[in-house]
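A.B. asks:
Protein chains in written order, with the working numbering: chain Y, 102 to 320; chain X, 547 to 794; chain P, 255 to 541.
#1: How is the alpha helix (DSSP H) around residue 220 of chain Y delimited, first residue to last?
#2: Helix, strand or coil: how does DSSP classify residue 550 of chain P here?
#3: Quick one: residues in its chain with C-beta nearer than 6 Å to the C-beta of residue 108 of chain Y, no 5 flanking neighbours on either side, listed in chain order?
#4: Please compile the residues from chain X whose C-beta is within a distance smaller than 7 Å of the C-beta of residue 176 of chain Y.
#5: Do we get a CB-CB distance below 8 Å when we pair residue 714 of chain X with the residues of chain P?
#6: At 7 Å on the CB atoms, spell out the chain Y contacts of residue 507 of chain X, in chain order.
#7: Within the 8 Å Cβ cut-off, does residue 103 of chain Y reach chain X?
#8: Taking only beta-carbon positions, decide if residue 181 of chain Y is within less than 8 Å of chain X.
#9: In the DSSP output, what is residue 745 of chain X paired with across the bridge?
#10: Would you list the one or two residues that DSSP bridges to residue 632 of chain X?
#11: Which value, in whole angstroms, describes the spacing of the CA atoms of residue 788 of chain X and residue 580 of chain X?
#12: Looking at C-alpha atoms only, which residue of Y:144, Y:160, Y:153, Y:179 is the closest neighbour of residue 113 of chain Y?
#13: Where residue 334 of chain P and residue 487 of chain P are concerned, what is the direct C-alpha to C-alpha distance, given to the nearest angstrom?
#14: Classify residue 547 of chain X as helix, strand or coil using the three-state DSSP reduction.
#15: Given 8 Å as the limit, is there contact between the segment 553 to 566 of chain X and the segment 737 to 747 of chain X, that is, 3 or more CB pairs closer than that?
#16: Going by DSSP in three states, residue 148 of chain Y sits in which element: helix, strand or coil?
#17: Listed in chain order, which residues of the segment 297 to 318 of chain Y have Cβ atoms closer than 7 Å to some Cβ of chain X?
#18: Quick check on residue 654 of chain X - is its C-beta less than 8 Å from some C-beta in chain P?
#19: With a 10 Å radius around its C-beta and 16 neighbouring C-beta atoms as the bar for buried, classify residue 282 of chain P as buried or exposed.
#20: Among the residues of its own chain, which have a CB less than 6 Å from the CB of residue 383 of chain P, if the five just before and after it don't count?
#21: Which residues in chain Y sit within 8 Å of residue 818 of chain X, going by Cβ to Cβ distance?
#22: For residue 793 of chain X, I'd like the list of residues in its chain whose CB is within less than 6 Å of its CB, leaving aside the five on either flank, ordered along the chain.
#23: CB residue 451 of chain P to CB residue 535 of chain P, shorter than 8 Å?
#24: With H, G and I counted as helix, E and B as strand and the rest as coil, what does DSSP make of residue 321 of chain P?
#25: Residues of the segment 428 to 445 of chain P with a CB closer than 8 Å to any CB of chain X: list them in chain order, please.
#26: Quick check for students: name the residue ranges of the alpha helix (DSSP H) that lie wholly in the segment 393 to 440 of chain P, counting only runs of 4 or more.
#27: Taking 8 Å as the cut-off, decide whether the C-beta atoms of residue 379 of chain P and residue 470 of chain P are in contact.
#28: How many whole angstroms separate the CB atoms of residue 287 of chain Y and residue 266 of chain Y, which I take to be in contact at a CB cut-off of 8 Å?
#29: Roughly how many angstroms separate the alpha carbons of residue 381 of chain P and residue 464 of chain P, rounded to a whole number?
#30: Pull the bridge partners of residue 554 of chain X from the DSSP assignment, please.
#31: Identify the continuous beta strand (DSSP E) that holds residue 121 of chain Y and give its terminal residues.
#32: Mind pulling the chain X residues with CB within less than 9 Å of residue 448 of chain P?
#33: By how many angstroms is the C-alpha of residue 462 of chain P removed from the C-alpha of residue 528 of chain P?
#34: I need the DSSP call for residue 561 of chain X, collapsed to helix, strand or coil.
#35: Can you confirm whether residue 772 of chain X, when its beta carbon is compared against all beta carbons of chain Y, has any partner nearer than 8 Å?
#36: For residue 152 of chain Y, which residues of its own chain have a beta-carbon under 8 Å away from its beta-carbon, when the five flanking residues on both sides are left out?
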């Protein structure tokens with residue numbers, strides 16, 4: 102028999118909030134990447150607007166966590182779940198911020214023709230999106246192995262980033278406008294690399310929550 | 547400093563402690579937690595042989611304090627209890643003056659000189675963080691003190707015989723939250739001079755005051771480790787279930 | 255339904271009132287009887303109480319009679335009986351409560367003591383006669399009477415003292431033992447000081463009952479006519495209730511009045527002892 106059924110129900114609600122927030126963040130990153138591919142500034146505007154909602158959800162999760170800590174004195178796995186929720190909410194919020202960053206790039210580049218077709222950036226975006234999905238699913242399933250597997254994908258993202266970095270540096274010349282666009286694209290690659298890093302943080306949070314162990318997934 | 551090895555304890559047929567082994571380092575605070583009837587108080591009372599008073603108790607194994615097995619036949623129980631003091635669940639001052647309560651132990655053990663007793667009483671009350679509140683009222687009855695003050699008086703009384711170990715059996719379960727915090731604060735100060743073992747039903751209290759925590763269930767020591775490990779990341783599922791309230 | 259409830263309530267009220275009156279009436283029976291008795295005795299005897307009443311021995315002439323021999327006899331009896339019963343009684347209670355293990359022997363002793371407290375006092379008189387007067391050859395003396403009284407009071411004091419010792423909370427004993435005190439130190443310094451007011455109260459109350467006992471003293475052989483104050487443990491003696499009994503048996507009206515005066519003195523002694531007991535109890539409750 103569970104002697105703290107009420108409290109444990111609140112923790113379940115907290116986890117649902119995280120998942121709901123994760124869903125919105127996934128949506129934001131998808132839309133941001135798509136807006137860049139198609140240089141669709143209306144879609145980009147929408148991502149920027151929706152970020153307010155995600156910020157509110159973050160605050161909501163934080164408040165819920167603090168309230169549970171203050172009123173319920175959680176211990177052991179309960180404590181770790183709440184600690185992980187705080188951390189994961191922060192990481193999700195950062196990912197959403199990067200979605201906004203990417204969308205703002207879209208808006209800055211709107212009306213321009215791209216100097217080269219985008220190949221590696223979409224691949225990188227695809228992996229980053231997958232990682233976010235994986236991270237959220239490992240959270241739902243409390244699956245340590247899936248969370249740990251994020252490290253492998255993060256390595257791929259890191260490799261792609263250095264390829265993109267070298268490519269872009271080579272493409273740079275003396276044309277100001279060209280260099281400006283290339284720098285923006287480099288920054289997008291940087292954002293995506295950060296998104297991947299945040300998903301590994303989420304994975305670390307999942308591992309801590311489930312097993313109490315600290316593991317660095319971003320080596 | 548306190549080394550318990552393969553300790554079994556029976557109340558008649560009832561096996562109350564099952565093969566308990568643990569080492570409690572000097573000048574540390576150890577908390578015993580677990581549900582009612584798990585054996586934590588029984589174990590505490592084996593450390594100053596208060597269980598001797600129950601006729602049906604049988605003990606196997608050893609409890610060694612500073613290298614001496616306290617269950618050797620030649621051990622003098624009165625001297626053992628002088629070294630291993632105890633504070634009880636209910637504040638239990640004697641119906642005497644504050645002074646006489648604290649001086650009780652030293653008098654029992656042969657201190658007669660007034661000046662010597664005065665010094666002991668003041669020092670013990672200071673160590674128990676009670677001196678400033680009672681220094682003008684030493685001749686007044688201990689029953690006039692509040693519950694929290696009475697409990698600190700009982701701590702002072704235990705300190706007056708200059709023990710090495712202080713056993714506390716749920717020392718704050720009868721007190722209000724502020725008195726409880728004062729006692730907890732005091733326990734942490736006392737750690738500098740004494741080895742402390744505390745039985746508590748309040749897991750937050752164990753978390754606040756102790757260095758290491760042992761979890762007991764049905765007479766068995768399930769888990770014994772650093773307090774933060776027990777409360778943030780216990781190894782045994784039974785500990786996990788107990789501290790998160792999923793027990794039973 | 256509502257009407258029914260109302261009726262029911264009224265019936266309950268009525269039965270409560272009837273029982274109230276019934277219980278009051280029962281109480282009044284005792285009080286009124288006692289009151290009549292007191293009034294009668296005071297009316298009859300108070301005129302005889304004077305200094306002479308205390309300084310004269312009993313005599314064939316009522317106006318020359320006094321209670322001196324009986325008063326001092328009773329005083330002596332109490333002075334011997336009180337410390338004897340107290341020491342033996344409290345020691346026994348301490349043994350049974352604090353030391354004796356729960357064996358069949360201690361249970362046997364305990365049951366017997368409880369039963370002895372209910373044995374009729376005349377049986378103690380016979381016991382005293384057999385043991386002290388005849389076997390120990392102490393004769394019909396003050397010491398025989400006092401020892402018999404001791405036997406009579408002892409079970410009551412033991413029971414009272416045990417109750418007082420039981421009332422000392424165990425956590426007090428534990429506190430003392432946990433400080434390294436041995437059982438005797440614990441009893442002497444913690445248990446007895448706590449229990450003492452209760453023990454004293456119980457002792458005085460049981461002595462004050464003994465003071466009015468006649469039967470065992472008659473059996474042991476207290477004399478009804480003594481014209482001196484006892485001067486040793488082995489002298490003949492009489493006691494207040496015996497003197498009163500002997501006066502009350504005389505046909506002359508004035509001896510009846512003397513008996514009433516004796517009763518007044520005895521009652522005052524009893525009241526005094528009860529007063530001390532009450533004062534001790536109050537002191538105990540305050541601390």
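Virtual Cβ for every residue (Gly too), placed ideally from N, Cα, C. None of these values were measured; they are calculated from a predicted model.
C.D. replies: Here's the rundown:
#1: Looking at the DSSP string, residue 220 of chain Y is not in any alpha helix (DSSP H), and its letter there is neither H nor E.
#2: Residue 550 of chain P lies beyond the range of chain P shown here (255 to 541); nothing can be said about it.
#3: Cβ contact annotation for residue 108 of chain Y (same chain, cutoff 6 Å, sequence separation greater than five): 173, in chain order.
#4: Here the neighbours are 749, 777, 789, 790.
#5: No - not a single Cβ of chain P is within 8 Å of the one on residue 714 of chain X.
#6: The structure shown does not extend to residue 507 of chain X, since chain X spans only 547 to 794, so no value can be given for it.
#7: At least one beta carbon of chain X lies nearer than 8 Å to the beta carbon of residue 103 of chain Y.
#8: Judged by the 8 Å Cβ criterion, residue 181 of chain Y is in contact with chain X.
#9: In the DSSP output, where bridge partners are listed per residue, residue 745 of chain X has X:578, X:715.
#10: Under DSSP, residue 632 of chain X shares a beta bridge with X:713.
#11: Cα to Cα, residue 788 of chain X sits roughly 8 Å from residue 580 of chain X.
#12: If we check each option's Cα against that of residue 113 of chain Y, Y:179 comes out closest.
#13: Rounded to whole angstroms, residue 334 of chain P to residue 487 of chain P spans 9 Å at the Cα level.
#14: Correct three-state label for residue 547 of chain X: coil.
#15: When C-beta atoms of the segment 553 to 566 of chain X are compared with those of the segment 737 to 747 of chain X, fewer than three pairs fall below 8 Å, so the two segments do not count as touching.
#16: In the structure shown, the three-state DSSP call for residue 148 of chain Y is helix.
#17: Hits within the stretch, in order: 313.
#18: Taking Cβ atoms only, chain P reaches closer than 8 Å to residue 654 of chain X, which makes this a yes.
#19: Exposed is the call here.
#20: The beta carbon of residue 383 of chain P lies closer than 6 Å to those of 473, 474 in the same chain, with the five residues before and after it left out.
#21: With chain X covering only 547 through 794, there is no way to say anything about residue 818 of chain X.
#22: Beyond the five residues adjoining it in sequence on each side, residue 793 of chain X comes within less than 6 Å, by CB distance, of 787 in the same chain, given in chain order.
#23: In this structure, residue 535 of chain P lies closer than 8 Å to residue 451 of chain P by Cβ.
#24: In this structure, residue 321 of chain P counts as coil in the three-state DSSP scheme.
#25: Against chain X - using a Cβ distance shorter than 8 Å - the residues of the segment 428 to 445 of chain P are 428, 429, 430, 431, 432, 433, 434, 435, 436, 439, 443, 444.
#26: Those alpha helix (DSSP H) runs which fall completely within the segment 393 to 440 of chain P and span 4+ residues are 396 to 421, 424 to 432, 437 to 440.
#27: Yes, Cβ-Cβ distance for residue 379 of chain P and residue 470 of chain P is below 8 Å.
#28: That pair is a contact at about 7 Å.
#29: Their Cα atoms are separated by approximately 16 Å.
#30: Looking at the DSSP output, residue 554 of chain X sits in a beta bridge with X:606.
#31: Segment 106 to 139 is the alpha helix (DSSP H) holding residue 121 of chain Y; no beta strand (DSSP E) there.
#32: Ordered by position in chain X, the residues that pass the 9 Å Cβ test against residue 448 of chain P are 640, 641.
#33: Distance between the alpha carbons of residue 528 of chain P and residue 462 of chain P: 7 Å.
#34: Note: residue 561 of chain X maps to strand in three-state DSSP.
#35: With 8 Å as the cut-off, residue 772 of chain X does not count as an interface residue toward chain Y.
#36: Once the five neighbours on either side are set aside, the close Cβ partners of residue 152 of chain Y are 129, 197, 198, 200, 201.
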